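Basically the numbering used here = 1-based index in the sequence shown + 39. Every residue gets a Cβ at the ideal spot worked out from N, C-alpha and C, and that includes glycine. Source: prediction; values computed, not measured. Data block below; observations after.
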Amino acid sequence: MSEPVRTPVATPPDILRCASMELVVTDLAVSREFYVDVLKLVVTEEDEDAIYLRSIEEFIHHNLVLRKGPVPAAAAFSYRVRGPEELDKAVEFYTELGCRVERNKEGFAKGVGDSVRVTDPLGFPYEFFYDVEHVERLTWRYDLHPAGALVRLDHFNQVTPDVPRAVAYMEDLGFRVTEDIQDDGGTVYAAWMRRKPTVHDTAMTGGDGPRMHHIAFAAHEKHDIIAICDRLGALRRSDCIERGPGRHGVSNAFYLYLRDPDGHRVEIYTQDYFTGDPDNPRVTWDVHDNQRRDWWGNPVVPSWYTDASLVLDLDGNPQPVLPRTDASEMAVTIGADGFSYTREGEELPQYKQGEHKLGHQL
């Protein structure tokens, strides 16, 4: 196991929400077709090197940046903070942790002002900003709403070799755990963590990393997800669908997972629940419970467990991917979806085939 992240004395920045993701893609035109023509995200601005996209209800400049580059990867997990003074706190917090920190008063992306980027203790590229260009919020522009409109950026999902270490660091950063997955010995396999009052702004899931598992956009209702599936079918693009539609046990959300032309995973997500009370109870799921990943008990395709996007350092180089080494997890073998029962004490025959080690899964 890696060394724990040292608890800093410095006050962390006051984070409001996950706000944007910067993805490196290899062909802007092909990626534009997927995110704009198929998923119907709104183009705020574009040039020959990048496309800035937002969801229907967003009023800040963008939720997603597609930037042309040689290797598909996640370049920045961006969070909005409560005010400009929080950027000074971010610099102090990460400097104390010994992380590489860069600040750009003009912003690292169009439409965003003074920003701080860091390589965090887990190896992920995090960005913090407050000043941002406002754009038209399209909430009332029903004439522009497509079937299956993506209304908000909801969360990130990160793959890391040491989930307990990741959770401790994120709690120091001010995040709270809403749900997690554990075994009888208390080993934590994944944790869902939030700043805004939903189930999560990001999740830490166990596996080889650091890597980005997915970025998730919210829709209003589950019928919006069905509409997206119908559109993909009509466009002969159903091969983009990796998993779903279905309902998660963790988060209670209705979901659909897609793969973009570079293999980046995008979740469409709806109907989780409010978590804003200070005594909101944590929900813990048994790692052997097949309903934690899919409430209906459907098996999960292997690629959902094994595939994820590389992440970049602040120089734009891919971070090395380290294997997960949790001995207690590696010793457990389970069914093809990483579970063994629906009703505790029972193992269903269809899940006895094709065992995989949890160490290769999330």
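Given a threshold of 16 other Cβ atoms within 10 Å of its Cβ, counted over all protein chains shown, does residue i qualify as buried or as exposed?
i: Ala68; result: exposed
i: Val58; result: Before going on, a small fix: residue 58 reads as Ala here, not Val. Label assigned to Ala58: buried.
i: Val202; result: buried
i: Ala273; result: exposed
i: Phe195; result: buried
i: Asp223; result: exposed
i: Tyr181; result: exposed
i: Leu183; result: exposed
i: Arg304; result: buried
i: Pro200; result: buried
i: Lys128; result: buried
i: Arg321; result: exposed
i: Phe378; result: A caution first: Phe378 carries a pLDDT of 48, below 50, which makes its placement in the model unreliable, though a value can still be read off. When all chains shown are included, Phe378 counts as buried.
i: Gly162; result: buried
i: Val155; result: buried
i: Pro164; result: buried
i: Glu41; result: Per the sequence presented here, residue 41 reads as Ser, with Glu not at that position. When all chains shown are included, Ser41 counts as exposed.
i: Thr406; result: Here the chain comprises residues numbered 40 to 401, so residue 406 is not present and cannot be evaluated.
i: Glu166; result: buried
i: Glu175; result: exposed
i: Pro362; result: exposed
i: Asp88; result: exposed
i: Asp66; result: exposed
Roughly how many whole angstroms lie between the Cα atoms of residue i and residue j?
i: Gly146; j: Asn356; result: 20 Å
i: Val171; j: Val326; result: 41 Å
i: Met243; j: Val198; result: 6 Å
i: Lys149; j: Thr46; result: 34 Å
i: Thr178; j: Met232; result: 27 Å
i: Pro111; j: Asp346; result: 13 Å
i: Val216; j: Gly122; result: 24 Å
i: Tyr169; j: Phe98; result: 13 Å
i: His259; j: Phe293; result: 11 Å
i: Glu210; j: Tyr133; result: 14 Å
i: Asp219; j: Tyr344; result: 17 Å
i: Pro51; j: His253; result: 25 Å
i: Phe256; j: Phe73; result: 14 Å
i: Pro338; j: Asn329; result: 8 Å
i: Ala270; j: Asp263; result: According to the sequence shown, residue 270 is Arg rather than Ala. Rounded to whole angstroms, Arg270 to Asp263 spans 11 Å at the Cα level.
i: Glu306; j: Arg191; result: 12 Å
i: Pro185; j: Ile267; result: 10 Å
i: Arg56; j: Arg119; result: 6 Å
i: Leu136; j: Pro160; result: 7 Å
i: Val48; j: Asp299; result: 41 Å
i: Val130; j: Leu62; result: 24 Å
i: Lys107; j: His101; result: 17 Å
Am I right that residue i and residue j are in contact with their C-beta atoms under 8 Å? What's the rounded C-beta distance?
i: Tyr228; j: Gly245; result: 5 Å
i: Gly288; j: Arg250; result: The Cβ separation is near 23 Å, so there is no contact.
i: Arg93; j: Thr83; result: 5 Å
i: Leu353; j: Arg139; result: 6 Å
i: Ile95; j: Val81; result: 7 Å
i: Ile54; j: Gly213; result: 6 Å
i: Arg286; j: Trp335; result: 6 Å
i: Ala113; j: Ser342; result: Between Ser342 and Ala113 the Cβ distance is about 18 Å, and since that is not below 8 Å, they are no contact.
i: Pro43; j: Ala207; result: 6 Å
i: Cys105; j: Val64; result: The identity of residue 105 in the sequence shown is Leu, whereas the question assumes Cys. Sure, about 5 Å apart at Cβ, within 8 Å.
Under the DSSP definition of a beta bridge, which residues are partnered with residue i?
i: Ile54; result: Val120
i: Gln358; result: Paired residues: none, contrary to the question.
i: Phe147; result: DSSP, once it has assigned bridges, lists no residue as partnering Phe147.
i: Tyr308; result: Ala257, Tyr294
i: Met232; result: Val216, Thr241
i: Asp325; result: Gln221
i: Lys128; result: Note: Lys128 sits in no beta bridge, so no partner.
i: Glu141; result: Arg156
i: Thr345; result: Its beta-bridge partners do not exist; DSSP assigns none.
i: Leu453; result: Outside the shown range of the chain, which is 40 to 401, sits residue 453, and nothing can be said about it.
i: Leu351; result: Pro357
i: Met251; result: Gln197, Ser348
Does the beta carbon of residue i fall short of 6 Å from some heavy atom of the ligand ATP?
i: Asp211; result: As for the ligand ATP, it is missing from this structure, which has no ligand bound.
Would you check if there are 3 or more beta carbon pairs closer than 8 Å linking the region 230–238 to the region 304–318?
yes
_With three or more beta-carbon pairs closer than 8 Å as the criterion, would you say the region 124–134 touches the region 274–287?_
Taking a cut-off of 8 Å on C-beta distances, the region 124–134 does not touch the region 274–287, as fewer than three cross pairs fall below it.
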